[in-house]
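One structure below.
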Amino acid sequence: MLYDLIIIGGGPAGITAGIYAARKKLNTLLIAKDFFGQTAKTGEIDNWPGSPKISGGALMQNFEKHLKNFALGIKENQTVISVKQEAVQEGASLLPAGRSEAPSSASFVVRIESGESFEAKALVVCSGASPKRLGVPGEDKFTGKGVSFCSLCDAPFFQGKNVAVAGGGNSALEAALDLAKYADKIYLLEAGDFLQGDPLLQDSLKQTGKVEIRLNQEIKEIQGKTMVEGAMVFDRSSQKTEIIAVAGVFVEIGWTAQSDFLGDLLSKNERGEIIADPETGQTSLEGVWAAGDCVNAKYKQILLASASGARAALSAYEYLNKLKVKNDENNFNKISGNFNF
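If you count by our numbering, then the sequence shown holds residues 1 to 341, one letter each, in order.
And the structure:
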């Protein structure tokens, strides 16, 4: 089967794109490893309009339920491993996006880990991002043994213990708040000279009385025998190193776009983020759009990811309409060429 559109990803961007595509009655397939992603790991969301103080898990359950009210194909529990472009018609041009003329006739083949392949006229990539790693000694060794990338998942394991959180953005501040419900003390280690997280979150941290904020400090090594026992911290201001005794290290220093499966098909920046037009989501390749945390957008927010998914789906719908008009004209010309007037 040749789908009109394949959507890759089941987070806020992918689900929103799926809803919009289904409403436009596009023959759509959505492929997702799950319908949770990083959003579900957020303890409390207070900036989603209409749903104050909703958990990330509850929000994503609402997203999934809404999506499944519509008629579209869904392939769950599968990871995309490759995407290739193929010409549908002999001589069809495979040119970059941004041309003024009508779309070319090409298709995309998406292969998933089960070995199955699916073909579509257009793609919307919403593959999201995964947590960045510190890249220091001990991080890999102690992952799952005191090193964590999900405070919502693992905070209860640190009841009455001391922990460190690496990072100073909203994710780091939210992690510290999650941990404050259980841990005795939290060291919040920001490598820069100020916290980038929202002032409201910073106020909440101070109210816990459990968080020690340390600026210009970064973890250089995670230590222990079988479990995390401490972290070597370097102070950029004093140029001194200190060992702090902690049972856990929570890494919240940003995200890495999940785009490796695309190979060189699309243009990316130095961080691996897909370069997409901010108005349409159009990528460097005609017929492919991208949305959500996998693109080169400055702000990584659930609301913005969802909006970008809608924008990409609407752009794909417009493209597919133009493609249909072009194909109809070609078919008419072929038929009329068989007659002498």
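The beta carbon of each residue, even a glycine, is placed where N, CA and C say it ideally should be.
Check for me: the alpha helix (DSSP H) holding residue i runs from which residue to which?
i	result
Asn296	Asn296 -> no alpha helix (DSSP H), and no H or E assigned at all.
Leu123	Run containing Leu123: none in the alpha helix (DSSP H); it sits in the beta strand (DSSP E), 117-125.
Ser151	151-154
Quick check: residue i and residue j, are their CB atoms within less than 7 Å of each other?
i	j	result
Ala155	Leu179	yes
Ser237	Cys294	no
Glu44	Lys53	yes
Lys132	Gly254	yes
Gln85	Ser114	no
Val109	Asn162	no
Phe70	Ala13	no
Ala129	Ala257	yes
Phe250	Ser315	no
Ala347	Glu252	Only positions 1 to 341 of the chain appear in the structure, and residue 347 is not among them; the question remains open.
Phe158	Val228	no
Val83	Leu262	yes
Thr283	Ile274	yes
Leu2	Gly73	no
Ile243	Gly230	yes
Taking DSSP as the reference, what is the three-state secondary structure of residue i?
i	result
Gly224	strand
Ser308	helix
Gly197	coil
Val325	helix
Phe70	coil
Tyr182	coil
Met60	helix
Ile15	helix
Glu218	strand
Glu318	helix
Asn47	coil
Ala231	strand
Leu262	helix
Glu139	coil
Glu273	coil
Ser171	helix
Leu285	strand
Ser267	coil
Locate the beta strand (DSSP E) running through residue i, then write down its first and last residues.
i	result
Thr241	240-245
Gln85	80-87
Lys185	185-190
Gly387	The shown model of the chain, from 1 to 341, leaves out residue 387, and the question about it has no answer.
Phe342	The question about residue 342 has no answer here: the residues shown for the chain are numbered 1 through 341.
Pro278	No beta strand (DSSP E) contains Pro278, which DSSP labels as neither H nor E.
Ile8	2-8
Tyr289	Reading off the sequence shown, one finds Trp at residue 289, where the question assumed Tyr. Segment 288-290, the beta strand (DSSP E) holding Trp289.
Trp255	255-257
Ile31	28-32
Val163	162-166
Ala40	Note, Ala40: premise wrong, no beta strand (DSSP E); not H, not E.
Pro131	129-131
Give me the Cβ distance between residue i and residue j, rounded to the nearest whole Å; I'm assuming they're in contact under 8 Å.
i	j	result
Phe234	Gln217	7 Å
Ala291	Val124	6 Å
Ile8	Ser127	5 Å
Ile81	Ile112	6 Å
Ala305	Gly11	7 Å
Lys210	Asp184	7 Å
Leu215	Leu173	Wrong, their Cβ atoms sit about 13 Å apart, outside the cutoff.
Glu212	Tyr187	5 Å
Leu26	Tyr317	6 Å
Trp48	Leu323	The pair is not a contact, with the Cβ atoms about 35 Å apart (cut-off 8 Å).
Segment contact flag, the segment 191-207 with the segment 164-173, C-beta cutoff 8 Å, min 3 pairs: With a cut-off of 8 Å, the segment 164-173 and the segment 191-207 count as touching, because enough Cβ pairs lie within range.
contact_flag[the segment 60-77, the segment 25-41] where n(CB pairs < 8 Å) is 3 or more: By the Cβ test, the segment 60-77 is in contact with the segment 25-41, since at least three Cβ pairs between them sit closer than 8 Å.
Inter-stretch contact (C-beta, 8 Å, three-pair minimum) for the segment 112-120 and the segment 15-24: Touching, no.
Sufficient close CB pairs (3 or more, under 8 Å) joining the segment 135-143 to the segment 262-271: Remark: fewer than three beta-carbon pairs, one from each stretch, lie closer than 8 Å, so the segment 135-143 and the segment 262-271 are not flagged as touching.
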